[in-house]
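J.:
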Amino acid sequence: EAQVTQNPRYLITVTGKKLTVTCSQNMNHEYMSWYRQDPGLGLRQIYYSMNVEVTDKGDVPEGYKVSRKEKRNFPLILESPSPNQTSLYFCATAGTSGYNEQFFGPGTRLTVL
Amino acid sequence: QKEVEQNSGPLSVPEGAIASLNCTYSDRGSQSFFWYRQYSGKSPELIMSIYSNGDKEDGRFTAQLNKASQYVSLLIRDSQPSDSATYLCAGPAISGGGADGLTFGKGTHLIIQP
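Chains S and Z supply the protein sequences, listed in that same order.
According to the numbering used here, the first sequence holds residues 1273 to 1385 in order.
According to the numbering used here, the second sequence holds residues 36 to 149 in order.
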């Protein structure tokens, strides 16, 4: 079954404690992206990757890091989380271009105290 | 930054009626648009994509693209309570240095009244 998985699905943490949210896909897609979704602000792109070892900033990259060492994985790293990073996070993938249909993972609800 | 605008609603429609959702976009050069459905707390699910001017039908859903007027719409026929959700319109985004994928509207909350 073609799918995008994220872990963890729910996370409560404290300010400053480094965390990683994993994203994995089995669709052999080249494009992967991270979004955060906040009430009233909609979906906003954090980082995206066109292919292995190629990443770039989206609209709201501050406070986040990513890496793309393998095609199937695109982890999101918060080196020093702050309360304003409390949000619902989605990983998404697309075939060869982000302009094509994107498929979303189930989401990770993060709370930073 | 290219923008996609939607009325946030809520849009309330009686069961069995046609729900009409609209979206406008800022860039005349945009070629492709997508409609996603999102239930509360869940991930967006792609329901329609449209790449050319005119209508595209898939079951109870019809997407319409009007490039001259720069709007995209989604019609849901025979609306069911299970159609109650937030509908996101998305179009291509280019923020300067290169392609970055899709930009999303903030969504329209649709309520189907039994």
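Heads up, the beta-carbon is just placed ideally off N, CA and C, and yes, glycines get one too.
Taking Cβ to Cβ, would you say TYR60 (chain Z) is nearer than 7 Å to GLN105 (chain Z)?
T.: One-based indexing of the second sequence puts residue 60 (chain Z) at position 25. One-based indexing of the second sequence puts residue 105 (chain Z) at position 70. Cβ atoms of TYR60 (chain Z) and GLN105 (chain Z): closer than 7 Å.
J.: If we ignore side chains and look at the alpha-carbon of each, how far apart do VAL1397 (chain S) and PRO49 (chain Z) end up?
T.: No answer is possible for residue 1397 (chain S): the residues shown for chain S start at 1273 and end at 1385.
J.: Taking the beta strand (DSSP E) that HIS144 (chain Z) falls in, what are its first and last residues?
T.: On the second sequence, position 109 is the one that residue 144 (chain Z) refers to. Note, HIS144 (chain Z): beta strand (DSSP E), 143-148.
J.: Answer yes or no: do TYR86 (chain Z) and ALA120 (chain Z) have a C-beta to C-beta separation smaller than 7 Å?
T.: Reading the second sequence from its first residue, position 51 is the one you call residue 86 (chain Z). Reading the second sequence from its first residue, position 85 is the one you call residue 120 (chain Z). Not closer than 7 Å, so no.
J.: Touch check for the region 1335-1349 of chain S and the region 65-80 of chain Z: three-plus C-beta pairs under 8 Å?
T.: Remark: fewer than three beta-carbon pairs, one from each stretch, lie closer than 8 Å, so the region 1335-1349 of chain S and the region 65-80 of chain Z are not flagged as touching.
J.: DSSP on ASP118 (chain Z), reduced to helix/strand/coil?
T.: Taking the first residue of the second sequence as position 1, residue 118 (chain Z) is located at position 83. Per DSSP, reduced to three states, the secondary structure at ASP118 (chain Z) is helical.
J.: Give me the chain S residues within the contact set of PHE139 (chain Z), using Cβ-Cβ distance strictly less than 7 Å, ordered along the chain.
T.: One-based indexing of the second sequence puts residue 139 (chain Z) at position 104. Near PHE139 (chain Z) (Cβ distances below 7 Å), the residues of chain S are GLY1314, LEU1315.
J.: By Cβ distance, which residues of its chain are closer than 6 Å to ALA134 (chain Z), with the 5 residues on each side in sequence left out?
T.: As a first step, residue 134 (chain Z) must be located in the second sequence, where it is residue number 99. Since pLDDT at ALA134 (chain Z) reaches only 47, below the 50 mark, its modelled position is unreliable, and the value read off the structure follows with that caveat. Hits under 6 Å: none found.
J.: Looking only at DSSP bridge pairs, what is VAL1326 (chain S) linked to?
T.: Your numbering for residue 1326 (chain S) matches position 54 in the first sequence. S:ASN1323, per the DSSP bridge assignment.
J.: What does LEU81 (chain Z) touch in chain S if you count any residue whose Cβ is under 9 Å from its own?
T.: The residue you call residue 81 (chain Z) lines up with position 46 of the second sequence. GLU1373, GLN1374, PHE1375, PHE1376, listed in chain order.
J.: By Cβ distance, which residues of its chain are closer than 8 Å to GLY140 (chain Z), with the 5 residues on each side in sequence left out?
T.: As a first step, residue 140 (chain Z) is located in the second sequence; it is residue number 105 there, counting from the start. Cβ neighbours of GLY140 (chain Z) beyond the five flanking positions: VAL39, GLU40, GLN41, CYS58, LEU123, CYS124, ALA125.
J.: Would you kindly work out how many angstroms separate the C-alpha atoms of GLN1309 (chain S) and ARG1281 (chain S), rounded to a whole number?
T.: Translated into the one-based positions of the first sequence, residue 1309 (chain S) becomes position 37. Translated into the one-based positions of the first sequence, residue 1281 (chain S) becomes position 9. GLN1309 (chain S) and ARG1281 (chain S): Cα-Cα distance of roughly 14 Å.
J.: So, at 6 Å on beta carbons, what are the nonlocal neighbours of GLY131 (chain Z) in its own chain, with the 5 sequence-adjacent residues on each side left out?
T.: For the purposes of this step, residue 131 (chain Z) is identified with residue 96 of the second sequence, where counting begins at 1. Note that GLY131 (chain Z) scores a pLDDT of 48, beneath 50, so its modelled location is shaky; the value from the coordinates is reported in the next line. Hits under 6 Å: none found.
J.: Would you list, in chain order, the members of the region 39-65 of chain Z that have their beta-carbon closer than 8 Å to a beta-carbon of chain S?
T.: none
J.: In the DSSP assignment, find the beta strand (DSSP E) that holds GLN1374 (chain S) and state where it starts and stops.
T.: Mapped onto the first sequence, residue 1374 (chain S) falls at position 102. Unbroken run through GLN1374 (chain S): none, as it is neither H nor E.
J.: Please classify LEU1313 (chain S) as buried or exposed, where buried requires at least 16 other C-beta atoms within 10 Å of its C-beta.
T.: On the first sequence, residue 1313 (chain S) is found 41 positions in, with the first residue counted as 1. Exposed: under 16 other Cβ atoms inside 10 Å.
J.: I need the DSSP call for ASN1298 (chain S), collapsed to helix, strand or coil.
T.: Along the first sequence, one-based indexing puts residue 1298 (chain S) at 26. ASN1298 (chain S): coil per DSSP, three-state reduction.
J.: Excluding the five sequence neighbours on either side, which residues of its own chain have a C-beta within less than 8 Å of the C-beta of GLU1342 (chain S), listed in chain order?
T.: Along the first sequence, read from residue 1 onward, the residue named residue 1342 (chain S) stands at position 70. Answer for GLU1342 (chain S): VAL1324, listed in chain order.
J.: One question on the structure: do THR1287 (chain S) and SER1359 (chain S) come within less than 7 Å of each other, judged by their Cβ atoms?
T.: Numbered from its first residue, the first sequence carries residue 1287 (chain S) at position 15. Numbered from its first residue, the first sequence carries residue 1359 (chain S) at position 87. Not in contact: THR1287 (chain S) and SER1359 (chain S) (Cβ atoms no closer than 7 Å).
J.: Which complete alpha helix (DSSP H) runs does the region 66-120 of chain Z hold, if anything under 4 residues is left out?
T.: none
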